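Residue numbers (my numbering): 5 to 244.
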């Protein structure tokens, strides 16, 4: 008999190295206490509910993205080919939207984990992170890798994204290298502030990505420098 499951996933704050996760670089990032929470329950029909709004899926066309509240769930369900599933998804997210804290990745990871658990599909945590990133890139917005990895694994991590700058197919991507710095840090000396300003990460990243793909030496050189700073920041964090 199917059971109900509650799944949560944190937001993330990139500290050093952004956005070189999109260019084979290195990043230090930490998760936030703000999270997405998803409840999946048996139901007679597939439905989504968020912010007192409900969407019922009766045909595959009901999974078409329209820029609305339900796009994240639609993307996950369409990717998993579950338009005929019978369960309900209800979720909430207190990660600020458009603040660069990975609210969309947090929701994708929470929904994906809930659905995979519900249908009994086992995938290791690195592949789940890659699945989440694949869904976000191909359904929602231009993005890198740190968001999906951080929202999946959580904590304070040094991440190496070597050879991941080419955006390969899901089955061909090398996995990122994750090193947890959490055991070595008693207190994190940062305060995270949100001004309320909202931006689309895709709009921010796309022009620079295009310059990088065109071989712009300034962009390539600066991102190599930023990735190097992240590697040096790892030492600074551990040796402080």
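Where a beta carbon is used, it is the ideal one built from N, C-alpha and C, also for glycine.
Please read all numbers here as calculations on a predicted model, not as lab measurements.
Exercise for the section: Out of 144, 212, 24, 89, point me to the one whose CA is closest to residue 44's CA. Expected result: By 1-based counting over the chain shown, the position of residue 44 is 40. For the residues 144, 212, 24, 89, the minimum Cα distance to residue 44 belongs to 89.
Problem - Residue of 112, 171, 199, 141 minimising C-alpha distance to residue 156 - result: Taking the chain shown and counting its residues from 1, one reaches residue 156 at position 152. The candidate whose alpha carbon is nearest that of residue 156 is 112.
Practice task
Use the C-beta contact count for residue 101: other C-beta atoms within 10 angstroms, 16 or more gives buried, fewer gives exposed.
Solution key: Residue mapping note: residue 101 aligns to position 97 of the chain shown, counting from 1. Its Cβ having fewer than 16 others within 10 Å, residue 101 is exposed.
Practice task
Report yes if the C-beta distance between residue 114 and residue 40 is below 8 Å; otherwise report no.
Solution key: Along the chain shown, one-based indexing puts residue 114 at 110. Along the chain shown, one-based indexing puts residue 40 at 36. Closer than 8 Å, so yes.
Exercise for the section: Go ahead and pull the three-state DSSP assignment for residue 21. Expected result: Here residue 21 is taken as the residue at index 17 of the chain shown, counted from 1. Of the three classes helix, strand and coil, the one that applies to residue 21 here is coil, per DSSP.
Practice task
Reducing DSSP to helix, strand and coil, say where residue 44 ends up.
Solution key: Taking the chain shown and counting its residues from 1, the one referred to as residue 44 is at position 40. DSSP places residue 44 in strand when its eight states are reduced to three.
Exercise for the section: Since I believe residue 67 is in contact with residue 82 (beta carbons under 8 Å), could you give me their beta-carbon distance rounded to a whole number of angstroms? Expected result: Stepping through the chain shown from its first residue, residue 82 is reached at position 78. Stepping through the chain shown from its first residue, residue 67 is reached at position 63. About 5 Å; that satisfies the 8 Å criterion.
Practice task
Specify the secondary structure class of residue 155 as computed by DSSP and reduced to three states.
Solution key: Residue mapping note: residue 155 aligns to position 151 of the chain shown, counting from 1. In this structure, residue 155 counts as helix in the three-state DSSP scheme.
Practice task
Compute the distance between the beta-carbons of residue 13 and residue 117, then report whether it is under 8 Å.
Solution key: Position 9 of the chain shown, counting from 1, holds the residue named residue 13. Position 113 of the chain shown, counting from 1, holds the residue named residue 117. For residue 13 and residue 117, yes; Cβs fall inside 8 Å.
Handout entry: C-beta atoms of residue 239 and residue 154 nearer than 8 Å
Key = For this step, residue 239 is matched to residue 235 along the chain shown. For this step, residue 154 is matched to residue 150 along the chain shown. Against a cut-off of 8 Å, the Cβ pair of residue 154 and residue 239 comes out as no contact.
Handout entry: Separation of residue 185 from residue 173, as counted between CA atoms
Key = The residue given as residue 173 occupies position 169 in the chain shown. The residue given as residue 185 occupies position 181 in the chain shown. Straight-line Cα distance between these residues: approximately 30 Å.
Exercise for the section: Tell me whether residue 85 sits in a helix, a strand or coil according to DSSP, three-state version. Expected result: As a working note, residue 85 is residue 81 in the chain shown. Three-state result, residue 85: coil.
Handout entry: Identified DSSP bridge partners for residue 164
Key = Looking up residue 164 in the chain shown gives position 160. In the DSSP output, where bridge partners are listed per residue, residue 164 has 30, 181.
Handout entry: Complete alpha helix (DSSP H) runs within the stretch 118-143 (minimum length 4 residues, chain order)
Key = 129-139
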